[in-house]
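Trainee:
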Amino acid sequence: MSYILNPEVIIDQVINGLTIGGIYALIALGYTLVYGILFMINFAHGEIFMFGSFGGFAALTYFVNSGFSDSHPGLSIIIAFLVAMIISSVLGALLERIAYRPLRNAPRLAPLISAIGASIFLQNVMMLIIKARMQVYPDIIQEQFIEIGWVNISYFQIFIILGSVLLMVVLYLFIQKTKTGKAMRAVAEDREAASLMGIDVNRIILTTFIIGSALAAAAGVMVGIYYTQINHMMGFIPGIKAFTAAVLGGIGNVPGAMLGGFFLGLAEAFGVLIMPAEYKDVIAFGLLVLVLIFRPSGILGEVVSERS
Amino acid sequence: MQNHRKIKYFFSKFRFPPTAFYIALFLFLILLPPFLGNYWTQVLGDIGIYVMLGIGLNVVVGFAGLLDLGYVAFYAIGAYGYGLLASPHFGIHIPFWLMLPACVALSAGGGALLGIPVLRMRGDYLAIVTLGFGEIIRIVLNNMDTVTNGPRGLLRIDPPAIGDFVVNSPFRWYYLILVGILLSTFVADRLNNSRIGRAWIAMREDQDAAAVMGINILKYKLLAFAIGASFAGIGGAIFAARQGSIFPENFSLMVSINVLCLIIIGGMGSIPGVILGSVILIGLPEVLRVAQQYRMLAFGGLLVIMMIFRPTGFIPSARRKMEFKE
Amino acid sequence: MNKKTHIFMLLASLCLFLVPFSSHADEWGDITIPPEKAIKIGLGAMLTGDYASLGIDIKHGAEMAVDKKGSILGHTVVLQAEDDGCAGPPSVAIAEKLCNDPLIVGLVGYMCSGGSKPASDIHNKYKVVMISPSSTALELTTRGIPIFFRTCWNDKIQARRAASFAHSHKWTKVAVIHDKSDYGQSLGEDFAERIRQQNGKILAFEGITRGDKDFSPVLTKIKPLNPQLIYYGGMAAEGVLVARQMKRVGLRKTHFMSDDGCYTEKDFIQAGGKATNGCYVTYARQPDPDWIKNFEAKYGPRQTFSPQAYDAANILMLAVEKAAQKQPDGSLIIGKKALRNAVADTKYNGITGEISFDPYGDRTGSVVVIYKVVEENGRRFFKQMIF
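Protein chains in written order, with this note's numbering: chain A, 3 to 310; chain B, 174 to 499; chain C, 626 to 1012.
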């Protein structure tokens, strides 16, 4: 087992961990934003991620078939991202309006169960659309590698890591500096006071869902390009893991979700080194259980109001 | 206007069917199998197991108000507990009747163990932690090959027997499961009307007020988990003995969600509701096997719709209805 | 309900329960097909889900045989296909359903070993013959279940052949990855055992989870051990990702070899792209090219097990023909034991070669062929290796 201390393995695993971690972080942001404002776990968020991935798939497949991607590969990918984000945002907005808003004043269990129902519903909608067969993202760009000695880094990995960090920074600035962002923070802190101050609470909540969904969609397209295989269940386990990441970092806390995501990714990558690889999922679930038992406020602490 | 009021009044009174109805229903159920044949009796047996699970989860979710999404873990403990000690796997063959109380103890222990760390959590966190716990159990069962045979599962599990009389046909299982349901209903009913049951109701409606009244919240939460789990333990043992083989994939999250669905749709906190939910969710798809692919789609949609329009379920308990009205 | 009522009902049902209600057939018994009724052949395969390409392909293979046969002794033959989800619980449910169907004479299935195992116990209870085209787990034929047969091989044969191939290429440092399923893990273990017997070294034996997509961590873990070959036990959905991510992680000089679960154009060659060039896969001999032409004209590109399913269906139908006794009123009586024996005595020249069964239900004389994914003239396909 001494090879574990091999520096090249460590660097490789760090990159692996940060790559999947970036994905977790992007999805986690959706959970954390919604929880911060509504105190509910959007159980169907994983399905929003999944729909985003399929949106990108549809766009790219269309481009490949029409030849557009041969002449404009970069543009194809950018448009695919946009298509995915639009689809997910619309879906997120619909979800909020139909499944969650009517239950805003219901006992706590009701929106959670509604979310579970929505999650199952969406999974099965997609299953019927694709007839339960897995789909494969077309190869648009050839994957290139950087080889430094024995270390192997893929440009895709760098793209995902930098891309997710960039999106997170943009989000953070948005929340801190813009008027809408301030309004979001106000609603998260005290909904009644915010509405008394003239903030349109419903609109802010809708915005929150849309932003979270768009980020998840971006993650979905990244996953599609990187792993190539997508199916209707792809949102389920990553959804739970991303929620773990959000809680790890401190629910409601945007930098916390980032941190939690990368931390979880690294934990999985290094965990595989020290235990049989088939236990990988136990790392995430185990962390979830442990964090919620011993430090439910997360690493950076929760950002939720006194309401609970 | 008068007629409208009269009708409303009539329906509001018609909540609990009289005892005679139950006896008639019971006789009907006993005489049913020979008319149905093997296959449908088997389906009824499947429904029956889920009814038992539903009654058990109802104790946790419906009575005590704790949303447990990892209920399948206790089902697995009961099933593997029996399977490991009553099959060629280790060569141990403890009789079913002796194993039943053992499975109850094992699952109840598991329930208590799960209960301890989650005692102080709020509702949605509790749900996710229990979900995680359920998944951990399944993965561990799949990976600990030396003990559980991993994905290859346990085969040739002993059926229950009394001397030469072996319970190994759909008919015989049907009656065994029927007895199981009756017992479970009996226990659940007694619980509901006991001191424990009343403590749970108080806890469920307003935890802080209950604590102030002197109810030991921690103790009753633990009891809820443990007692609810024991039902699943028995269900698991029955499942293992009946199917004759068990695999880790029999104990996925879908089972927990199925049981939860049938309580929610049938009616939280009410036993007739659980039975109705089980018939709808488990029995109907067998009838509509052609529409199999739409089954889960319908469940998902139904959950959302029920929460918005009828959160107490189709046949709610009277008390629950009152709670929701407040 | 009050307490008394409860107790009454409990006692009453306990009494009834003790009444010996025996009802089902423990004996072998007969199948009776009334006049004008169809003879039904059951089929269990994964029709929806990750491995549905294989399941639907199996269904098409059996369908083609049944359609071609048309009728037996004046009764139409019909295929009843069910979705077995490549898993135990659905397979068991289908088994109960089909075995209790009076018009079902036998079944082609199930697709996956994880389904065949518990289902075969049910079939054994009702003594309904099953012939699997793709369940390769060893235990299916070592438990003494008389009604189970298969037109594919068992895993030991496949794994051993793969190991011999590795040996012939002097690949003595091997890593094994499996998908922690009944099928994949058994193959991985058999392969590893054979490699060790040949004095090779197993550098790593790791499991991944079906449904997972990120195998970079486990491949990075294996990388410093410098394996010459990675053997993957499992299905194409994960196998193709392992092959792809091997290149990504930097294991470019390491060979990849897998089992018949990866022998599929769609889910392996096409899904994998150029990364799958040079990968090895074990599978049976190619079936008769005319048959392939006819099949593909009707159903499109064939996947893995349609030839085995075709042969299985034909064997079953031939056995029915042999064992059935036509009654004067036009009905057929088929003794279950006679049917089983007819299958056991089969000597059939199928499209996958000569088929007969050993006393345990295994097919005798299986030939394992090694294939390599090659690109020639712009086309990428499985090429047979001489070995």
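Virtual Cβ for every residue (Gly too), placed ideally from N, Cα, C.
As the structure is a prediction and not an experimental result, all values here were calculated from the model.
1) Between PRO714/C and chain B, is any beta-carbon pair separated by less than 8 angstroms?
2) Does chain C have any CB closer than 8 angstroms to the CB of ARG135/A?
3) Helix, strand or coil: how does DSSP classify MET3/A here?
4) Do you know offhand how far SER841/C's Cα is from TYR229/A's?
5) Work out the CA separation of ASN322/B and ILE350/B for me, nearest whole Å.
6) May I ask which residues mark the beginning and end of the beta strand (DSSP E) holding HIS803/C?
7) Exposed or buried, what is LYS394/B when buried is set at 16 or more other beta-carbons lying within 10 Å of its beta-carbon?
8) PRO324/B touches chain C at which residues, Cβ-Cβ below 8 angstroms?
9) Compute the Euclidean distance between the alpha carbons of SER647/C and ASN749/C, then round it to the nearest angstrom.
10) If we ignore side chains and look at the alpha-carbon of each, how far apart do GLY695/C and SER757/C end up?
11) Tell me, please, whether the CB atom of GLU721/C is closer than 8 angstroms to any CB atom in chain B?
12) Consider the Cβ of GLY288/A: report whether some Cβ of chain B lies at a distance smaller than 8 angstroms.
13) Where does PHE646/C fall in DSSP's three states?
14) Between the stretch 168-181 of chain A and the stretch 87-98 of chain A, do three or more beta carbon pairs fall short of 8 angstroms?
15) Using a Cβ-Cβ cut-off of less than 8 angstroms, list which residues of the stretch 438-450 of chain B approach chain C; keep chain order.
16) Would you check if there are 3 or more beta carbon pairs closer than 8 angstroms linking the stretch 240-258 of chain B to the stretch 402-422 of chain B?
17) Closer than 8 angstroms is the cut-off here; do at least three beta carbon pairs connect the stretch 954-967 of chain C with the stretch 921-934 of chain C?
18) Find the residues of chain B that neighbour TYR26/A, judging by a C-beta separation of less than 8 angstroms, and give them in chain order.
19) Which residues share a DSSP beta bridge with GLN705/C?
20) For the stretch 831-859 of chain C, enumerate the residues whose C-beta is nearer than 8 angstroms to any C-beta of chain A, in chain order.
21) Cβ of PHE646/C less than 8 angstroms from any chain B Cβ?
22) Enumerate, from N- to C-terminal direction, the unbroken beta strand (DSSP E) stretches of 3 or more residues contained entirely within the stretch 860-920 of chain C.
23) If you measure from the beta carbon of GLU308/B to each beta carbon in chain C, is any gap under 8 angstroms?
24) GLU280/A versus chain C: which residues are under 8 angstroms apart at the beta carbon?
25) Can you give the Cα-Cα distance for CYS777/C and GLY734/C, rounded to whole angstroms?
26) Cβ-heavy atom distance between VAL92/A and the ligand SAH below 7 angstroms?
27) Do GLY267/A and ILE22/A have their CB atoms nearer than 8 angstroms?
28) How big is the Cα-Cα spacing for ILE267/B and LEU356/B?
29) Helix, strand or coil, according to DSSP, for THR834/C in the structure here?
30) Between the C-alpha atoms of ILE276/A and LYS282/A, what's the straight-line distance to the nearest angstrom?
31) Distance check for LYS665/C and ARG295/B, CA to CA, integer angstroms please.
32) Starting from the C-beta of VAL153/A, find all residues in its chain whose C-beta is less than 7 angstroms away, skip the five residues before and the five after it, and write them out in chain order.
33) Quick check: is the beta carbon of PRO659/C nearer than 8 angstroms to any beta carbon in chain B?
34) Going by DSSP, which residues form a beta bridge with ILE656/C?
35) Using C-beta distances below 7 angstroms, list every residue in its chain close to ALA129/B, excluding the 5 sequence neighbours before and after it, in chain order.
36) Write down the C-beta distance between LEU672/C and GLN231/A rounded to the nearest angstrom, noting that I regard them as a contact closer than 8 angstroms.
Mentor: Taking the structure as given:
1) Closer than 8 angstroms to some Cβ of chain B, the Cβ of PRO714/C qualifies, so yes.
2) Closer than 8 angstroms to some Cβ of chain C, the Cβ of ARG135/A qualifies, so yes.
3) At MET3/A, the pLDDT of 49 sits below 50, so the modelled position is not reliable and the matter cannot be decided from this model.
4) Those two C-alpha atoms are separated by around 10 angstroms.
5) In this structure, the straight-line span from the alpha carbon of ILE350/B to that of ASN322/B is close to 28 angstroms.
6) Membership of HIS803/C in the beta strand (DSSP E) is indicated by the continuous run 798-803.
7) That one is buried.
8) Close to PRO324/B, with beta-carbon spacing below 8 angstroms, are these residues of chain C in chain order: GLY739, LYS805, SER806, ASP807 and GLN810.
9) Low confidence applies to SER647/C: its pLDDT is 39, below 50, so where it sits in the model is not reliable, and the reading given next is rough at best. If I take the Cα positions, the gap works out to 17 angstroms.
10) Here the alpha carbon of GLY695/C sits roughly 21 angstroms from the alpha carbon of SER757/C.
11) Chain B contact via Cβ: present.
12) It does: the Cβ of GLY288/A has a partner Cβ on chain B nearer than 8 angstroms.
13) In this predicted model, PHE646/C has a pLDDT of only 45, less than 50, meaning its place in the structure is not dependable; the value taken from the coordinates is given anyway. Residue state, collapsed to three classes: coil.
14) No contact exists between the stretch 168-181 of chain A and the stretch 87-98 of chain A.
15) Listed in sequence order: no entries.
16) With a cut-off of 8 angstroms, the stretch 402-422 of chain B and the stretch 240-258 of chain B count as touching, because enough Cβ pairs lie within range.
17) Not touching, per the Cβ criterion.
18) Annotation: TYR26/A has no Cβ neighbours in chain B at a cutoff of 8 angstroms; minimum Cβ distance is about 15 angstroms.
19) In the DSSP output, where bridge partners are listed per residue, GLN705/C has GLY667/C.
20) Residues are counted here when their Cβ sits less than 8 angstroms from a Cβ of chain A; for the stretch 831-859 of chain C these are GLU831, GLY832, ILE833, THR834, GLY836, ASP837, LYS838, ASP839, SER841, PRO842, VAL843, THR845, LYS846, LYS848, PRO849 and LEU850, given in chain order.
21) Note that PHE646/C scores a pLDDT of 45, beneath 50, so its modelled location is shaky; the value from the coordinates is reported in the next line. Closer than 8 angstroms to some Cβ of chain B, the Cβ of PHE646/C qualifies, so yes.
22) You should have 880-883 and 905-908.
23) Not an interface residue.
24) Result: LYS805, GLU831, GLY832, ILE833 and THR834.
25) Answer to the nearest angstrom: the Cα atoms are 11 angstroms apart.
26) In terms of ligand content, the structure shown is empty, and the ligand SAH therefore cannot be addressed.
27) Yes. Within cutoff.
28) Whole-angstrom Cα-Cα distance: 23 angstroms.
29) THR834/C: coil per DSSP, three-state reduction.
30) Spanning the two alpha carbons is a distance of roughly 10 angstroms.
31) Roughly 55 angstroms separates the two Cα atoms.
32) Around VAL153/A, the same chain offers GLU10, ILE13 and ASP14 as residues with beta carbons nearer than 7 angstroms, after the five sequence neighbours per side are excluded.
33) Taking 8 angstroms as the threshold, the shortest C-beta distance from PRO659/C to chain B does not fall below it.
34) BP columns for ILE656/C point to ILE959/C.
35) Residue 129/B lies beyond the stretch modelled for chain B, which goes from 174 to 499, so this question has no answer here.
36) Actually they are not in contact, since the Cβ atoms of LEU672/C and GLN231/A sit about 20 angstroms apart, beyond 8 angstroms.
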